[in-house]
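Have a look at the structure below, then the notes.
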Amino acid sequence: MGPIGGPGTVFACSFVAAMNGAGLAPYVAVVTDGELSGLNRGIVVGQMMPEAAAGGPLAIVKQGETITIDMEAKTIHAHISDTEIKERLGKWTPPAKPHLKAGTYLAQYCELVQPIAQGAVLGKRDFKKK
23 MGPIGGPGTV
33 FACSFVAAMN
43 GAGLAPYVAV
53 VTDGELSGLN
63 RGIVVGQMMP
73 EAAAGGPLAI
83 VKQGETITID
93 MEAKTIHAHI
103 SDTEIKERLG
113 KWTPPAKPHL
123 KAGTYLAQYC
133 ELVQPIAQGA
143 VLGKRDFKKK
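Numbering (this note's numbering), first residue to last: 23 to 152.
What follows is the structure, given as structure tokens:
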């Protein structure tokens with residue numbers, strides 16, 4: 023949901039609102055690489071970097087795995103062994119984007135956009151492509 027995967031910084035607040043509307047905010051934390059508004063309820067962590075579409079840590083977490091959010095230490099820990107993390111990252115490939123036609127502006131944007139921490143502006147990216 024970050025600039026590369028969106029494309030553009032996709033708002034995750036509608037998902038957070040749906041969780042709240044379903045009465046799940048007190049029971050479920052949301053961790054996303056998408057953008058959030060200031061109207062969130064419950065435990066919400068947004069704009070994770072690097073984003074999943076760039077091979078960030080969210081890309082290798084599987085449904086049902088435990089993630090610990092320590093708000094005092096300001097850390098997030100996925101309960102995955104170092105060996106498993108290395109193995110999964112080694113097998114990771116960027117997600118397919120069949121909706122983006124080669125040569126279009128959005129396809130070029132996905133190739134050139136910088137992470138949110140660098141302003142989500144166009145330029146040459148530093149991370150290794152797979």
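All C-beta atoms in this analysis are idealised placements derived from N, C-alpha and C, irrespective of residue type, glycine included.
### Message
Please classify ASP104 as buried or exposed, where buried requires at least 16 other C-beta atoms within 10 Å of its C-beta.
### Response
The residue you call residue 104 lines up with position 82 of the sequence shown. So ASP104 ends up on the exposed side.
### Task
Give the single residue among MET71, GLN136, LYS123 and CYS132 whose Cα lies nearest to the Cα of THR54.
Within the sequence shown, the letter at position 32 stands for residue 54. Closest by alpha carbon: MET71.
### Message
Closest to PRO116 by C-alpha separation, out of GLY60, THR126, PRO48 and ALA75, would be which residue?
### Response
Taking the sequence shown and counting its residues from 1, the one referred to as residue 116 is at position 94. With distances taken between Cα atoms, PRO116 lies closest to ALA75.
### Candidates LEU80, ILE91 and VAL135, of which the one nearest GLY64 by Cα
Here residue 64 refers to the residue found at position 42 when the sequence shown is read from its first residue. Nearest C-alpha to GLY64: ILE91.
#### Entry: Extent of the continuous alpha helix (DSSP H) to which ILE107 belongs
Locating residue 107 in the sequence shown gives position 85, counting from the first residue. For ILE107, the enclosing alpha helix (DSSP H) covers residues 104-113.
### Message
Can you list, in chain order, the residues of its chain with a C-beta nearer than 7 angstroms to that of THR88? Leave out the 5 residues immediately preceding and following it.
### Response
In the sequence shown, residue 88 corresponds to position 66, counting from 1. The residues HIS101, in chain order, have a CB closer than 7 angstroms to that of THR88 in the same chain once the five nearest residues on each side in sequence are set aside.
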